[in-house]
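Below: one structure, written as structure tokens.
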Amino acid sequence: MLIKCLPILSLMVYVILHGISLQPKYSMSRRILLGLMFSCLGDALLVWPNYFLEGMLSFGVAQLMYISAFDLKPLNLDVGVILYVISALGLTILRRNLTGVFQVGVPIYTFLLTTMTWRTIARLDIKQGCWLRYVTCIGGILWLVSDGLLGFHLFYTPLPYSQLFIMGTYYMGQLGIALSVSEQQPCPSPSPTLVNKPAHLVQ
């Protein structure tokens, strides 16, 4: 269990060392940290198959923390619609194999995961060119892929090398999301002095 949780624990340490407090400017870091904490709890619970539902609930809370961290501005509704359609198609394939509480729990969790991914993509600003947002975007997409693979593996058909692909994309996804806390330091932009200076004078 410790080995499975160690990568997320390491990301929690990164967030804390990067700086965290009750000041308003650290609200994003606090929510990311809470998301990592609930993710770590979810990882621990999923070690035991009998606690799968509780683990999914814990990850659902983590998604809510990430959604609140990334906010709903800018909205970029088109991106959300595309992702929801893709997720709905995936649920349609899995639906016949969902039983009991999972008939409700899996769609709700899928909605939260899709929303989180939407918010990571919606924040991209090509003009600003902040590389950290690209990393966070990739992280959100990788987590969506990871849980999509997990859903197909559990509720449709076993996948070869499932553990490798599911956990690999999951940890990389969490890494991308955790790195978003560095955005609290503005992305570097070219110095106006250098931009306006003749090229032969720039050393």
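Convert by adding 1 to the 1-based position in the sequence shown; the result is the number in the numbering used here. Virtual Cβ for every residue (Gly too), placed ideally from N, Cα, C.
- C-alpha of Val-136 to C-alpha of Leu-151: approximately 22 Å in a straight line.
- Nearest Cα to Ile-17 within the set Gly-141, Leu-37, Thr-158: Leu-37.
- The continuous stretches of alpha helix (DSSP H) do not include Arg-96, and DSSP gives it neither H nor E.
- When secondary structure is reduced to three states using DSSP, Cys-41 falls in the helix class.
- Between the segment 49 to 57 and the segment 76 to 90 there are fewer than three C-beta pairs closer than 8 Å, too few to call the two in contact.
- Judged by their CB atoms, Ala-179 and Leu-12 are nearer to each other than the 7 Å cut-off.
- Here Tyr-172 is buried, its C-beta having at least 16 other C-beta atoms within 10 Å.
- As the crow flies, the alpha-carbon of Ser-22 is around 25 Å from that of Gly-140.
- For Ser-69, the uninterrupted alpha helix (DSSP H) run begins and ends at 53 to 71, by DSSP.
- Within its own chain, the residues whose Cβ lies closer than 8 Å to the Cβ of Cys-41, once the five positions on either side in sequence are excluded, are Cys-6, Ile-9, Leu-10, Met-13, listed in chain order.
- Counting along the chain, the unbroken alpha helix (DSSP H) around Ser-11 starts and ends at 3 to 19.
- By the neighbour-count definition (other C-beta atoms within 10 Å, threshold 16), Arg-96 is an exposed residue.
- One alpha carbon belongs to Leu-65, the other to Gly-101, and they sit about 24 Å apart.
- Taking C-beta atoms under 8 Å as the contact rule, Gly-106 and Met-57 qualify, at a distance of about 6 Å.
- Rounded to the nearest whole angstrom, the C-alpha separation of His-19 and Asn-98 is 43 Å.
- Listed in chain order, the alpha helix (DSSP H) runs fully inside the segment 100 to 171 are 103 to 123, 132 to 156, counting runs of at least 4 residues.
- Here Gln-104 is exposed: its Cβ has fewer than 16 other Cβ atoms, across all protein chains shown, within 10 Å.
- A direct Cα-Cα distance of roughly 34 Å separates Leu-3 from Ala-123.
- Secondary structure at Gln-175: helix, using DSSP grouped into helix, strand and coil.
- Your pair Trp-144 and Gln-175 checks out as a contact, with CB atoms roughly 7 Å apart and the cut at 8 Å.
- Ala-70 counts as buried, since no fewer than 16 other beta carbons sit within 10 angstroms of its beta carbon.
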